[in-house]
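In our numbering, the protein residues as written are 75 to 515. Report on the structure given below.
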Ligand SMILES: Cc1cc2nc3c(=O)[nH]c(=O)nc-3n(C[C@H](O)[C@H](O)[C@H](O)COP(=O)(O)OP(=O)(O)OC[C@H]3O[C@@H](n4cnc5c(N)ncnc54)[C@H](O)[C@@H]3O)c2cc1C
């Protein structure tokens, strides 16, 4: 095998984000020496700002928990596979209903400590810019991969069109929210009053909607190449499709009663807590590429946010990823350069959990292969197996990133009216298949 020609005493992981941390720990915990390159604090991407590893750049939520949710299933699978991200998230949780939300600073600090305390990991604060043939490298540089590494990747994959665009939501300072208007509750009162909710009457919504649809956005540098992921559309893009897209989407009022009127509001904005003390709140589903002055003007039209101070404004960002089905195999190796592996969002998955899960699989399979055992791919009935399958074999002309959802799992093969029960059965099948596969590793 090609692999046997290379040194196996140390492998490189480039990028200390969610995927890089998972990959490095999987390797080290199986006795493989790792050199983990992270370019922060020497160099920062446009979205990162903390020197710590595993930085959450936008939302502080690792999505809903529980096996009735696709994200909850993936969390459980990752946990069984020894995920550091899930473990650390659980010990740094902040209240957010059924969501696994974390205090982002404590979360990243805890992941950094884990890496620093792991004797087989050598953390090097340097930008990785090459993929030499004489060492195994896992590239986990994320959606904002530095230019230097993007060039090196293009050379080994032949992939020139490496990116598209995403948007992120603003965060508001807690003491600037008017609590005479915004009320604490979760939808259908599930999971405690963890969110703040800004209710709107029809007139208030229409005023906001008109302002939003007439606002100014930041132009993309190369407009022709602007391709936005379907699951992360900016709020103004959704608004351009019509009022109902907001009223049945991010501003849906179902499951809430405005305590001031005793009635369901016409529309509603949810704010999710960023920290336990409630000093910062994330505008749920309000990722945006409005210009900064326009964000302040338009979002302050929302009742309760008239005096809002923005801890961070929303913005548009690049998303680098390889054309998985053409470039990668099921072990996330570059087909043309099998000493290079990919992990995280750069493989063409979307989301914190999904990225970390691809880090687990990359690190795990490399560790096993280096100890002489080539594992089977994770079963496609499992969430992680379905994501891997998407990455190396998604059909269609244009490869688009995928987040975890029940739709990517194979069908049950029986027609079921009860959707909840169908999800439960799929989750049960997924975990059984995963356990069976893990027993073979
Ligand atoms: C602005 C933005 C907002 C997002 N918001 C969300 C969200 O709200 N929810 C969600 O689920 N997902 C979100 N995502 C998508 C995705 O889940 C995250 O980006 C996730 O952090 C990806 O994990 P990763 O480990 O692949 O990359 P990252 O977490 O980005 O980690 C990559 C690391 O590599 C480092 N690096 C880059 N190039 C080099 C190099 N050449 N050498 C050394 N180090 C390098 C970076 O500094 C960084 O620390 C967002 C993405 C972006 C860019």
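Every residue, glycine too, gets a C-beta built ideally from N, C-alpha and C. Remember, it's a predicted structure, so these values are computed and weren't measured experimentally.
C-alpha gap between residue i and residue j, whole angstroms
i: residue 383; j: residue 153; result: 37 Å
i: residue 452; j: residue 480; result: 16 Å
i: residue 94; j: residue 423; result: 14 Å
i: residue 189; j: residue 197; result: 8 Å
i: residue 216; j: residue 91; result: 7 Å
i: residue 402; j: residue 259; result: 44 Å
i: residue 207; j: residue 330; result: 58 Å
i: residue 373; j: residue 474; result: 30 Å
i: residue 498; j: residue 308; result: 32 Å
i: residue 449; j: residue 509; result: 14 Å
i: residue 128; j: residue 182; result: 5 Å
i: residue 494; j: residue 482; result: 16 Å
i: residue 184; j: residue 149; result: 18 Å
i: residue 375; j: residue 345; result: 15 Å
i: residue 155; j: residue 434; result: 8 Å
i: residue 222; j: residue 292; result: 26 Å
i: residue 298; j: residue 396; result: Because the pLDDT at residue 298 is just 34, under 50, the model does not fix this residue reliably, and the value given afterwards should be weighed accordingly. Each residue's alpha carbon lies about 19 Å from the other.
i: residue 504; j: residue 160; result: 18 Å
i: residue 139; j: residue 460; result: 19 Å
i: residue 277; j: residue 327; result: 15 Å
i: residue 512; j: residue 441; result: 14 Å
i: residue 429; j: residue 496; result: 26 Å
i: residue 214; j: residue 87; result: 7 Å
i: residue 295; j: residue 338; result: The predicted position of residue 295 is uncertain, since its pLDDT is 48 and thus under 50; no value can be drawn from it.
i: residue 119; j: residue 407; result: 25 Å
i: residue 126; j: residue 187; result: 9 Å
i: residue 84; j: residue 321; result: 53 Å
i: residue 332; j: residue 275; result: 10 Å
i: residue 141; j: residue 457; result: 11 Å
Span of the beta strand (DSSP E) around residue i
i: residue 363; result: No beta strand (DSSP E) holds residue 363; DSSP gives it neither H nor E.
i: residue 175; result: 173 to 176
i: residue 426; result: First-last for residue 426: 426 to 444, but that is the alpha helix (DSSP H), not the beta strand (DSSP E).
i: residue 157; result: From DSSP, residue 157 is part of no beta strand (DSSP E); its letter is neither H nor E.
i: residue 399; result: Unbroken run through residue 399 is the alpha helix (DSSP H), 398 to 401; no beta strand (DSSP E).
Endpoints, the alpha helix (DSSP H) within which residue i is located
i: residue 466; result: 457 to 467
i: residue 223; result: 221 to 231
i: residue 137; result: Here residue 137 belongs to no alpha helix (DSSP H); instead the beta strand (DSSP E) covers 135 to 138.
i: residue 325; result: Premise fails: residue 325 is in no alpha helix (DSSP H) and is neither H nor E.
i: residue 512; result: 493 to 512
i: residue 339; result: No alpha helix (DSSP H) contains residue 339, which DSSP labels as neither H nor E.
i: residue 97; result: 92 to 103
i: residue 412; result: Unbroken run through residue 412 is the beta strand (DSSP E), 411 to 416; no alpha helix (DSSP H).
Top-ranked residue by Cα proximity to residue i, from the options
i: residue 261; options: 170, 176 and 310; result: 170
i: residue 365; options: 182, 387, 204 and 471; result: 387
i: residue 284; options: 307, 438 and 316; result: 316
i: residue 106; options: 211, 218 and 120; result: 211
i: residue 432; options: 449, 411, 443 and 405; result: 405
i: residue 391; options: 113, 108, 89 and 122; result: 122
i: residue 313; options: 281, 399 and 338; result: 281
i: residue 116; options: 220, 147 and 109; result: 220
i: residue 290; options: 310, 447, 226 and 109; result: 310
i: residue 218; options: 112, 175, 136 and 276; result: 112
i: residue 253; options: 444, 381, 88 and 104; result: 381
i: residue 421; options: 436, 141 and 203; result: 436
i: residue 288; options: 371, 416 and 486; result: 371
i: residue 427; options: 168, 174 and 356; result: 174
i: residue 246; options: 347, 97, 325 and 336; result: 347
i: residue 244; options: 275, 145 and 367; result: 367
i: residue 342; options: 353, 324 and 356; result: 324
i: residue 199; options: 89, 486 and 489; result: 89
i: residue 192; options: 158, 353, 446 and 231; result: 158
CB-CB length for residue i against residue j, believed under 8 Å
i: residue 242; j: residue 361; result: 5 Å
i: residue 133; j: residue 356; result: 6 Å
i: residue 465; j: residue 398; result: 4 Å
CB contact check: residue i to chain B, cutoff 8 Å
i: residue 101; result: In summary, chain B is missing from the structure at hand, where a single protein chain is found.
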